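Quick note: the sequence shown, position 83, residue 84 per the working numbering, numbers continuous.
The structure appears right after this line, and notes come after that.
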Amino acid sequence: MMSKQRGALGRSRTTPRDERRVPPVVDAEAARIAAARRVAARFVNDHWPELAGVVPTVTFRHLNPPSPELLQRAGVDPAELRAYGGAVYTFTFAGMRAAPEGAPLVAAVTVDGQHRIVKASVTR
Numbered sequence: 002m003m004s005k006q007r008g009a010l011g012r013s014r015t016t017p018r019d020e021r022r023v024p025p026v027v028d029a030e031a032a033r034i035a036a037a038r039r040v041a042a043r044f045v046n047d048h049w050p051e052l053a054g055v056v057p058t059v060t061f062r063h064l065n066p067p068s069p070e071l072l073q074r075a076g077v078d079p080a081e082l083r084a085y086g087g088a089v090y091t092f093t094f095a096g097m098r099a100a101p102e103g104a105p106l107v108a109a110v111t112v113d114g115q116h117r118i119v120k121a122s123v124t125r
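Below, the structure written as structure tokens:
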């Protein structure tokens with residue numbers, strides 16, 4: 002193996018080659034999940050401070066729009082549903098209650114594709 006010349010520019014061994022780079026689609030999806038996670042974490046921090054430092058698990062669900070025939074029967078304009086379709090992420094935060102109880106505390110926050118909180122629940 003040849004050593005690199007002093008002062009020469011070159012690629013380090015840790016830089017991935019072009020064929021091994023993460024495709025931009027994966028980066029965009031990761032950015033959407035990270036933004037939704039920030040919304041959920043802010044909500045959990047405001048409502049349940051015991052879970053402030055917990056890293057959540059995420060569950061992804063894709064909502065399929067109803068058929069045009071069903072929309073017509075219901076009298077709904079398809080343009081109205083475009084804002085509500087897409088992905089839904091459920092973030093589950095699991096931690097422990099503060100003393101003296103010490104019981105487990107689990108909060109689940111569901112965030113839609115537009116970063117709105119759809120549902121939040123907590124164990125009692």
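For every residue, glycine included, the Cβ atom is placed at its ideal position computed from N, Cα and C.
All figures in this text were calculated on a predicted structure; none of them were measured in a lab.
For R98, there is no enclosing beta strand (DSSP E), as DSSP gives it neither H nor E.
Following the DSSP letters along the chain, one finds R117 in no beta strand (DSSP E), marked with neither H nor E.
Taken atom to atom, the span from the alpha-carbon of R117 to that of R33 is near 12 Å. In the three-state reduction of the DSSP assignment, R62 falls in the strand class, which pools E and B. Look at P105 here: in three-state DSSP terms it is strand.
Contact check for A121 against F44 passes: the beta carbons are separated by less than 8 Å. Between P57 and T93, the beta carbon gap of about 6 Å places them in contact (Cβ cut-off 8 Å). Selection Y90, S68, G96 and V89 evaluated against A80 yields S68 as nearest (Cα-Cα). Here G103 has M97 as same chain residues with Cβ atoms under 7 Å from its own Cβ, once five neighbours each way along the sequence are excluded. Residue burial is scored here from C-beta neighbours: L71 has fewer than 16 other C-beta atoms within 10 angstroms and is therefore classed as exposed.
DSSP places P69 inside the alpha helix (DSSP H), whose first and last residues are P69 to A75.
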